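Residue numbers (my numbering), protein chains in the order written: chain A, 1 to 526; chain B, 1001 to 1526. Note that CB positions come from ideal geometry on N, CA and C, so glycine has one too. The model shown is predicted, which means the values in this text are computed figures rather than measured ones.
2 protein chains.
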Amino acid sequence: MMKKILETSPDGWVHFVKMSQPCIGDNVADADRLIAHLKKQIGSHSIQMDLSLISELPCIFRKADFHVLCTLFGCEKHYHLIDVQPADDYLPVYGLAIDLGTTRVALRIVDLIHQTILIETAFENPQSGIAPDVLTRIHYTDQIDGLKHLQQLIIEGINGEIAKACDSCFIHSNRIVCLSIAGNTCMTHLLLGLPPHAIIREPYIPAINKQFILPASDLNIRIHPQARMFVFPNIGSYFGGDLIAGILSLDMIHLEKTTIMVDVGTNAEVVLGNKDWMLACAGAAGPALEGGVSKIGMTAGPGAIERIQLHAGTSEFVYQTIGNKKPVGICGSGIIDLAAVLFQSGMLDIRGKFVPKYCKDRLTVIDDLMHFIVIPKDQSDTGEDLTISQADIDSLIRSKAAMYTILTTISHSVGLSLSEISTFYVAGTFGEYIDPLSAITIGMIPDLPLERYRPVGNTSLEGATRTLLSRADTESIPAIHQHITYMELNVNQEFMNQFSAAKFLPHTDRSLFPSVYELERKGGIH
Amino acid sequence: MMKKILETSPDGWVHFVKMSQPCIGDNVADADRLIAHLKKQIGSHSIQMDLSLISELPCIFRKADFHVLCTLFGCEKHYHLIDVQPADDYLPVYGLAIDLGTTRVALRIVDLIHQTILIETAFENPQSGIAPDVLTRIHYTDQIDGLKHLQQLIIEGINGEIAKACDSCFIHSNRIVCLSIAGNTCMTHLLLGLPPHAIIREPYIPAINKQFILPASDLNIRIHPQARMFVFPNIGSYFGGDLIAGILSLDMIHLEKTTIMVDVGTNAEVVLGNKDWMLACAGAAGPALEGGVSKIGMTAGPGAIERIQLHAGTSEFVYQTIGNKKPVGICGSGIIDLAAVLFQSGMLDIRGKFVPKYCKDRLTVIDDLMHFIVIPKDQSDTGEDLTISQADIDSLIRSKAAMYTILTTISHSVGLSLSEISTFYVAGTFGEYIDPLSAITIGMIPDLPLERYRPVGNTSLEGATRTLLSRADTESIPAIHQHITYMELNVNQEFMNQFSAAKFLPHTDRSLFPSVYELERKGGIH
C-alpha cells in the first residue's frame, strides 16, 4: 500500500474535497454539492460524470463524512469526474500516456497522486505486420474490414502492453483512470477507426483535427470503466498530435527566443517560433533516414551500425553497433556518419558521387551499379559484404536536401536566417543518435555551433505525460493548436529552388557551411 | 416517405448546414468544419459528438457535397451532435417526451423536423406491481438488487411502449434521436438507478438535482444508439422535474402577473410566482385525493364516480361514472363533490361530522363506525352498499385543510392574498376532473372567481415535449431551476396554525369564502 498523502498538486487532476455537511437549510443534492465545491476549487466551467458514479456518491459521501479524493480529466475547462473515494481510505489513481508511432508505440504509467512516472515501456506497432509504412496501411483500409482490422491490431497491442506493464508494477489496470494519446494524424485515425482516405488525397482533409475526449471504453481499452481518453489535436494531415505534444513538452509557445524543433522519420516535421508566432511544416524526408535506404539499411536494432568513422592512421573504418554485435546493417545515424566521412575523405565528391581515385578497392560493381564496401564479409555477421550503392547515396542526398530545404524555407518565410535560431531541438530517436557534426558535414542541418543542437528524446510521450500531470499544460494545448500556422510545402516555389541547391555536399553555397570548409583548409576534405 | 422540407425551425434541434468545400487554402478537418458552421449558425459554446459519428462524416460529406441535415440535443449551450444526413436525402428524426409518474407513464413521439406530435400514449408504471406508493418502493430498494429490479421494470416498460408506439406510427425506433424525461424526484432516481434512501430521510438529499444529459444507451433504452437523454432537474426531494416541466409549459417565469400552479396527488405541490420571483413548496395532501380515502375510494377508472350531485327535487344523488358503468367506487373528484353536496345539504356540519337529522336513513353503523350510504347495493356494480365513513370524511378534511394551508402559507410568505393571484393552474388528472365549485365549497381551494381556475392537463409531458421542440425552452430550464426558492413546510410554524383553522367546512374564517355563504343565504346550506 502506498503512503497516504494529504495534499495533491493544485495543478493536477487529483483533488481532496472537504464538503459542508447537508442539513435542512442546505439540502443541495450530493452530486451538485461535490460539483459546486470542485468548480470553486479548480475553477472549471463544467464538470460531468457518468451515471454509475452519481449512483455511488450517496454511499461514498456518508461513509467518508463528505471528505473525498476526486480525480478528473478534461480540457477547455470541461472536465469529467471519473473517480471519487473517501479521503482517508483511497486506492491509487494512475494515468497512461501513449506516443503512438507508426513503427513503435511508447507508454508511460503515471501516478496521478504522487505525480511520478511508474514505468515506461514500448512495443512495435502491430500494424507494421500489415505494412511498415503509413501509405500502404491506408490503402489496406480499402479492403472490407481493413480499417477495423488495423484498429483491432493497435488496440490489442495497447491492451496487451498495459496488462504487461501493470503486472510488472503490481498494479491493477482498472486504477488507470485517464489516458492521453499523441500520434501522427494517420496513426490517430487508424486507432480511432476514422477513415483515413481523405488524408492522403488533395486537399488532404483529416476526419477531425481538434483535440477531443472520449470514453476509453469506446475503444475497448481495458482500464477504469469510466476512464477518459484525451486525443491530441492535429494541425493537418502531415502534422499530427505527436508534434503538438512535442511543442508542449518543450514549452515552445512560452519562450521569448525563437527555437526550432525537428522530428525526422519518413517525414521531416519542423516547427519554428516563439511566444508570439509559430510556423510549422512537414515534408517527405525520404526513407534514407529511417534506414530503408540501402540493402544494408535497417531501423535501429541489434547489430546496426550507429556510428562510423575513418581511423586517421589506418584509414580503416572504426564503428560501433547497437548491442555491440557483429554488424548486420547500418541505421540512419550510421548512414549520415558514413556519408560525412566519405565526403571528408574525398571518397564522395560534392555531387555525392563515389570518387574511384580515393575509394580504391572498396568499390565494386553489383548488378551494373557501383557499390562501396563498408564492411567486408569477414567482419560482418551476415557473411556477406555490407555495401552501399551509388543509388543509396543519391537517395540520402535527396533526403538531406529535403531536410535542409525545409529548414531554410520555413526560416526564410519569416525573414529569419537559420543562424538566428537560439536552440535547435532534435526530437525522436533520430535526435538521440545522429552526430550533429556529421549531419552538418553533409549539409543536412545548418552549420550552427554544436551546443545549439539539443537532442530531446521522445517529446511526444513527454507531452502526453504532461497532460496527465498538469491541468495548465492540458489547457495550453488548444492554445498551441491555435498558435501554429501551417505552411504547405507542396505548393511552395522557393522550396523547389532551394531543393536543387541543397542537393550537393554540403551545399552549392559554400558560405553557408563555413565550419565544413574550415576542416577542408585543415586538410580534412580532399 | 415524408415530404422533404428545406427549412427547419431556427429554434429547434434540426438544422441544415451548407459548408464551404475544403481546398488547399481551407483544409479544416471534416468534424471541425461542421462544428464551426454549426456553432456560428446556432450560437452554442461546445458541440460534441460520438466517435462513431465522426467516423461517418468523411463519407457523408463527400456524398452530400458538404450540405447536410444535422440533429443536436443538449442544454446550457453544450450540445451533442447525434445525427448527420445528406441534405437532399434524409430519414426523419424523432424525439421522445416522457412524463414519468408514480402511477402512470405518458409518452409522446415528436417529429423534430416538422415539429409535430406523432403519437401520445400512456401505460401503468410497472413498478406499481411492487408497490403503488413511492415510500414502499424506496424501502424495496433495501433488498439485494431491489433498486436494479425497479429500474429494469420501468426501463422494460418504456422500451415496450416505445416499440408499440413506433409500430403504430410505422416508424423505426432508431430514428428517435433524443429523449426528454420529467418525473418526480423518486421516480427519476429509480429510473436512473440512483439510490433513493437519503431522499426520504432528513435532511432529504437527492443524489442529484441538476438537469443532466446522458446517452440513452446507458439505460439500455432502445432508440438511436447515440441518442441523448435529458433529465429534468429537481428542486428537492419532494419537488421534482415534473413540476419544473410544468412551470416551463405554462411559461410562468416569463409572466408579469403572479400565477400559481398546483399539482395534487398524494402530495400537493405548489408553485407561486412571476418573472421576478418564484416560490415552491410541497406537502402531504393525504391519500383522500388519490382515491385511497375510503373503502369505496379508487383511482380514476371504469365505474368510478367522478361527479355527484343531489337532485334538488328528489333529493336523490345524481352521478356520473367513468365509462358510464355501474358504480364500483368513487374517485378523488367524486369525493370532493360528495363532501360539498353533503355540506351544502346540511348532512355534514362545519366540523365535517354527519348530521343524523339530515342524513336520515342514509346513515348506518358498520364496525362501530358511522357510515353514509352513497349508493345503495341495488344500484352498485358490487352488489353492496357503496358507503363512506366518518373516518373517510375526517381524512378528506385533513387533506383539503392541508391543501388550503399550503396555498395560504405560500402566498402569505410573500405578503400576498390568494385573491391577488391572476390565474390558478390546476395540473394533472386532478385538475382535469375536479369541479372547482365543489372544491371551493369544502374550502379546499380559495374562493376565487371560477374563471381564474385553469385545468392544464399533463404539464409535465407538455414541458418535456417543449425541450424537444425548442432550444430556447430547453435553455430556460436551468433558469427556472435557479429562479425557484423552495420553502420547507415541515419547519413552518404558520403552517401548523393555519392548518387547524382550515380543518372546518369551508374554514373557521367565513369571510374567506363569501361565495359559499352567499349560497347559504339563498338557502343552499342548512
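Out of curiosity, what's the CA-to-CA distance linking residue i and residue j?
i        : j        : result
I1208(B) : N1234(B) : 8 Å
Q1482(B) : G1183(B) : 18 Å
F1170(B) : Q1211(B) : 32 Å
A1300(B) : I1322(B) : 7 Å
S1399(B) : A1280(B) : 19 Å
L1219(B) : R1471(B) : 24 Å
Y1425(B) : P1446(B) : 13 Å
M1026(B) : L255(A)  : The question names Met, yet the displayed sequence has Asp at residue 1026(B). So the two alpha carbons sit approximately 29 Å from each other.
P506(A)  : L512(A)  : 9 Å
V1365(B) : Y1358(B) : 16 Å
K1325(B) : T1382(B) : 12 Å
L469(A)  : E475(A)  : 12 Å
G283(A)  : A402(A)  : 7 Å
Under 7 Å Cβ-Cβ, which residues of chain B neighbour residue i?
i       : result
S46(A)  : H1078
N27(A)  : P1203, Y1204, I1205, G1236
A198(A) : P1058
D218(A) : L1051
L214(A) : L1051
Within its chain, find whatever has a CB closer than 7 Å to the CB of residue i; leave out the 5 residues flanking it on each side and keep chain order.
i        : result
I1082(B) : T1071, L1072, F1073, V1177, C1178, H1224, Q1226, A1227, R1228
I480(A)  : I244, I247, L248, I253
T1508(B) : A1501
F1495(B) : T1405, T1409, L1489
M1001(B) : In this predicted model, M1001(B) has a pLDDT of only 46, less than 50, meaning its place in the structure is not dependable; the value taken from the coordinates is given anyway. Hits under 7 Å: none found.
H37(A)   : V17, M19
Y1140(B) : I1130, A1131, G1146, L1150
I1154(B) : N1125, P1126, Q1127, L1190, L1191
Less than 6 Å between C-beta atoms, sequence neighbours within five positions excluded: which residues of the same chain meet that for residue i?
i        : result
K77(A)   : S44, H45
L1118(B) : I1109, D1111, C1169
V1516(B) : T1441, P1506
D242(A)  : A182, G183, N184, S460
Between the options, which has its C-alpha nearest residue i's C-alpha?
i        : options                                : result
I138(A)  : T185(A), V93(A), G157(A), I117(A)      : T185(A)
T102(A)  : I130(A), D89(A), S476(A)               : I130(A)
G966(B)  : I1440(B), Y1486(B), I1047(B)           : The structure shown does not extend to residue 966(B), since chain B is modelled only from 1001 through 1526, so no value can be given for it.
E1124(B) : P1446(B), A1097(B), G1160(B), E1202(B) : G1160(B)
I47(A)   : H80(A), Q21(A), D30(A)                 : H80(A)
G1193(B) : I60(A), S52(A), E156(A)                : S52(A)
V262(A)  : I181(A), T459(A), K326(A), M370(A)     : T459(A)
L107(A)  : H114(A), L96(A), I113(A), Q115(A)      : L96(A)
E1269(B) : I1113(B), T1259(B), F1239(B), R1362(B) : F1239(B)
Q344(A)  : P478(A), G443(A), I158(A)              : G443(A)
I1375(B) : V1084(B), S1411(B), I1421(B), F1317(B) : F1317(B)
V1328(B) : S1315(B), L1342(B), S1380(B), A1339(B) : S1380(B)
Can you name the residues of chain A whose CB is closer than 9 Å to the CB of residue i?
i        : result
L1461(B) : Ordered by position in chain A, no residue passes the 9 Å Cβ test against L1461(B), which lies about 23 Å from the chain.
Can you list the residues of chain B that residue i reaches, using a CB-CB cut of under 8 Å?
i      : result
D30(A) : A1198, I1205, P1206, A1207, I1208
Starting from residue i, find everything on chain C with Cβ-Cβ shorter than 8 Å and list it in chain order.
i      : result
S55(A) : Among the protein chains in the structure shown, which are A and B, there is no chain C.
Leaving out the 5 sequence neighbours to the left and right, which residues in its chain are closer than 8 Å to residue i when beta-carbon positions are compared?
i       : result
K164(A) : T121
V414(A) : L272, W277, L279
K148(A) : G193
So does residue i have its beta carbon nearer than 6 Å to some heavy atom of the ligand MN?
i        : result
S1249(B) : No copy of the ligand MN appears in this structure; indeed no ligand is present at all.
Of all the beta strand (DSSP E) runs that stay within the bounds of the stretch 175-246 of chain A, which reach a length of 3 or more residues? 176-183, 212-215, 228-231
Hey, which unbroken runs of the alpha helix (DSSP H) at 4 residues or more fall wholly within the stretch 47-79 of chain A? 51-63
Enumerated in chain order, which unbroken segments of the beta strand (DSSP E) with a length of 3 residues or greater are wholly contained in the stretch 1405-1471 of chain B? 1423-1427, 1453-1457
My parser needs the alpha helix (DSSP H) runs of 4 or more residues fully inside the stretch 1296-1321 of chain B; what are they? none
If we require 4 or more residues per run, which alpha helix (DSSP H) segments fall completely within the stretch 1125-1168 of chain B? 1134-1140
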